Each structure stands twice: as structure tokens, then as C-alpha cells.
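So the structure is just underneath, and the comments pick up after that.
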Amino acid sequence: MKQLRRTMLFVPANNPNMMLNASVFKPDCIIFDLEDAIAIREKDSARDLLVEALKTIDYEGVEILARVNPLYTPYGKEDVKALIKAGLRNVRYPMSETKEDIEKLDRLITETEKELGIEEGSVKILGAIETAKGVINAPQIATASTRMVGISFGAEDFTRTIGAERSKGAEELFVARSQIVLAAASAGIDAIDTVFADVEDMEGFEREVESAKRLGFAGKSVIHPSQIPAVHKAFTPSEEELEKALRVMDAINEAEKKGLGVISLDGKMVDAPVVARAAKIVRLAEGAGMIQEVEE
Ligand SMILES: CC(=O)SCCNC(=O)CCNC(=O)[C@H](O)C(C)(C)COP(=O)(O)OP(=O)(O)OC[C@H]1O[C@@H](n2cnc3c(N)ncnc32)[C@H](O)[C@@H]1OP(=O)(O)O
Ligand SMILES: O=C([O-])CC(=O)C(=O)O
Ligand SMILES: [Mg+2]
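Numbering (full-length UniProt numbering), first residue to last: 1 to 296.
Next up, the structure:
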């Protein structure tokens, strides 16, 4: 079944209470953060705490990622090695700027998998793009390793690096967000939109969620449990969309049996792109538990 990545909930890896409870809010993914949410003096203790959490807590099917420190810091290498040893299988790599950044991470992961006797390729990478250079190199980053499952956008660091402020209209983010969606789509991986820092501004948040959905993102990083429902609502098909998609799939299956390609349903043409869109809606609905997985 397709791994849904509608929500990725950031959880600082120095907060035992949040780490213990994060899966209660049913995000699709949890990102334990060792990077910017953790002060320098706490880098080692947070890593130790996360190692314990990975070994002992049952996250009930939620996809677990850790945002490690970049490899150019004194913490990155140990983060990657210790966390994989503790069972981590998804690395979210911040400040991904070039293909070489990912290749370096890929080599370290391969070396660690070999040392630990873990099947090569089992650890996946999500590249976080959050600088001007990273945005320009997004297509190369997205295809830098067979481990890539997604790329994400980080607007807080991005606006800092281009010398802009984040605005309500988000014009300053438009090109970067689209570039990330295009790079991910052409690589066949997920694009995850940025966090929205103002937890109190639910209206502004919902506006951003809608625009992320319209641009083609698969989901959004969030920082607070209260942000999860709005994202799930936007990125899950409605009952009406699902019903229509199932009718398209039924109609095309019938048509194929009769050797027909293009057909019409309710007076509208059903061709390959319509079928592909319907199939995607069905996959999302399966992932979200709205329907049982349909045998292909
Ligand atoms: C730009 C970037 O790099 S963003 C990525 C890095 N940032 C992060 O990881 C921050 C993640 N978020 C947080 O740490 C917090 O949500 C904060 C600091 C923003 C706000 O925290 P609080 O003031 O404690 O929020 P609030 O009081 O509303 O929390 C309500 C409950 O939700 C829990 N909660 C809040 N945020 C989270 C979270 N991200 N994950 C899990 N639980 C959470 C709290 O622990 C609290 O639980 P409790 O009722 O059992 O005590
Ligand atoms: O990756 C994210 O969504 C958050 C982040 O680090 C940023 O915005 O700089
Ligand atoms: Mg950042």
C-alpha cells in the first residue's frame, strides 16, 4: 500500500513527553528533530534520548523519520550511525543543496548498513531543500540516490537565504515551491510542503494548506498536533471524489474487457489521464483507510 505522507509532525528529540505522545495525534509521519529544534549543548543528549525512543516506543505504524544534523557539522555522522543502529529507516536530511550532499549521505548510510548487516538500500532519504542553491539544484537532489522517497521545502531557512520575509500571500515562495513539486514529480517521489510557524493563525495555515494541495504537493510538514486535521482533510479525497473515481475505474475495466480505449461516462470523455487521476484517488483512499485495498 502507498505510504501516505500527508502530514509530517516535527517533534523535538529532547522532549520525552512529546516523543511519547506524538503518535496519538495520528500524523502519517513523525520527524524527530536533532537539528534546529535542539540547542548545541543538547545535541548529544537528544540523540541518546532518540536512540532509546526508537528502541522502546511502539509508534503504531506511523512512518518515523529523524532530521539529523548536516554532515558538515560535528554531529551529523554520529546521528546517522547511531540512529540506524537503533532502528531508524528514514533520514530527513536538512540543508540539501547539491547532488553531492546526498551522495555523501548515501555513502555513509551504505557503510553503516554493511557494518550492521542490514540489507543494503533499506534506509531511505528525504532531502530537505531550504536554500536558494538547493531550490536551483532540486532536480539533481531528487534523483541523487535510489534511496530518495521525497524532497521537502523549508521556507523559514529559504526566506532567510534569499533575503525575503515570509508574507501572507507567500509570493516569495511560489517559484521555489513549484520547482520542488516539479523536481519530485519528474523523479517519481513525494514533495512535502514547508512548516507554518504561527500555530495560532489557523486561517492563514488553512490557506497555505490549500495552496500546497493546488500546487501538487503530497503533504505538509507541521509543528503542532492542532495543524494535523486541516492537512488530512485537504489531502484526503472526499466521499464524492472517491465515488466518482471508483465509477471511472469500473467503467474503464468494463471497457477494457470489450477492447475499448476511450469511453464516455456521464457525457464526459474518460481517457488515460482521467483514469490515472482516478487511480491515484483510489490509492489515497486505500492509504487513508476509507476503503479496503482493491486487487489490481
Ligand atoms: C523551522 C523549523 O525548523 S521547524 C522544525 C523544528 N521545530 C519543532 O520541532 C517544533 C515542534 N513543535 C513544538 O515544539 C511545540 O508545538 C511548540 C514549542 C511550537 C509549542 O509547544 P507548546 O507551547 O507546549 O504547545 P501546546 O501547549 O499548545 O501543546 C499542547 C499539547 O500538545 C503537545 N504538543 C505540542 N506540539 C507537539 C509536537 N510537535 N509533537 C507532539 N506533541 C506536541 C504538547 O506536549 C501538549 O501536550 P500535553 O497536553 O500532554 O502537555
Ligand atoms: O523543513 C521544514 O519544513 C522546516 C525548516 O527547517 C525550515 O522551514 O527552515
Ligand atoms: Mg530549516
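Note that the Cβ used here is the ideal one computed from N, Cα and C, for glycine as well.
It should be emphasised that the depicted structure is a prediction, and the values quoted were computed from it without experimental measurement.
Using alpha carbons as the reference points, say which of the options lies closest to residue i.
{"i": "V24", "options": "A46, G61 and L4", "result": "G61"}
{"i": "G219", "options": "E203, R177 and D250", "result": "R177"}
{"i": "L267", "options": "E254, E200 and V248", "result": "This sequence places Gly at residue 267; Leu is not what is there. Measuring from the Cα of G267, the nearest candidate turns out to be V248."}
{"i": "M269", "options": "A285, A144 and I252", "result": "I252"}
{"i": "V222", "options": "A155, V274, S238 and R277", "result": "A155"}
{"i": "M19", "options": "T56, L4 and I40", "result": "T56"}
{"i": "F196", "options": "S186, V231, I180 and A164", "result": "V231"}
{"i": "P139", "options": "A187, K43 and P273", "result": "A187"}
{"i": "L9", "options": "Y59, V175, Q292 and V149", "result": "Y59"}
{"i": "T146", "options": "S238, H224 and K99", "result": "K99"}
{"i": "E42", "options": "P12, S96 and E52", "result": "P12"}
{"i": "I192", "options": "N14, I31 and K168", "result": "I31"}
{"i": "D48", "options": "N21, D79 and I102", "result": "D79"}
{"i": "E254", "options": "V275, A37 and A212", "result": "V275"}
{"i": "N14", "options": "A39, T7 and R6", "result": "A39"}
{"i": "T236", "options": "H224, T194 and K213", "result": "K213"}
How would you label residue i, buried or exposed, when you count the other beta carbons within 10 angstroms and need 16 or more for buried?
{"i": "E35", "result": "buried"}
{"i": "A184", "result": "buried"}
{"i": "L126", "result": "buried"}
{"i": "S152", "result": "buried"}
{"i": "P27", "result": "buried"}
{"i": "D271", "result": "exposed"}
{"i": "L260", "result": "exposed"}
{"i": "S45", "result": "exposed"}
{"i": "I141", "result": "buried"}
{"i": "M1", "result": "exposed"}
{"i": "E210", "result": "exposed"}
{"i": "Q292", "result": "exposed"}
What distance in whole Å lies between the Cβ atoms of residue j and residue i, which are believed to be in contact at a cut-off of 8 Å?
{"i": "E130", "j": "P94", "result": "7 Å"}
{"i": "residue 300", "j": "M290", "result": "In the structure displayed, the chain extends from 1 to 296; residue 300 sits before or after that span and is not available."}
{"i": "L4", "j": "G204", "result": "The pair is not a contact, with the Cβ atoms about 24 Å apart (cut-off 8 Å)."}
{"i": "A245", "j": "A278", "result": "4 Å"}
{"i": "N90", "j": "E63", "result": "6 Å"}
{"i": "V199", "j": "S238", "result": "V199 to S238, Cβ: 26 Å. No contact."}
{"i": "S96", "j": "A132", "result": "Their Cβ separation, rounded to whole angstroms, is 13 Å, which puts S96 and A132 out of contact at 8 Å."}
With a threshold of 7 Å, establish whether the CB of residue i neighbours any heavy atom of ligand 4.
{"i": "I31", "result": "Ligand 4 is not part of the structure shown, which contains ligand 1, ligand 2 and ligand 3 as its ligands."}
With distances taken from each beta carbon to the nearest heavy atom of ligand 3, which residues come in below 6 Å, in chain order? Residues lining ligand 3 by the Cβ criterion, that is a Cβ closer than 6 Å to any of its heavy atoms, are D36, P94, E130, G154, E156 and D157 in chain order.
Measuring CB atoms only, is the segment 82 to 99 touching the segment 109 to 122, in the sense that at least three cross pairs come out at less than 8 Å? Yes, since at least three Cβ pairs between the segment 82 to 99 and the segment 109 to 122 fall closer than 8 Å, the two stretches touch.
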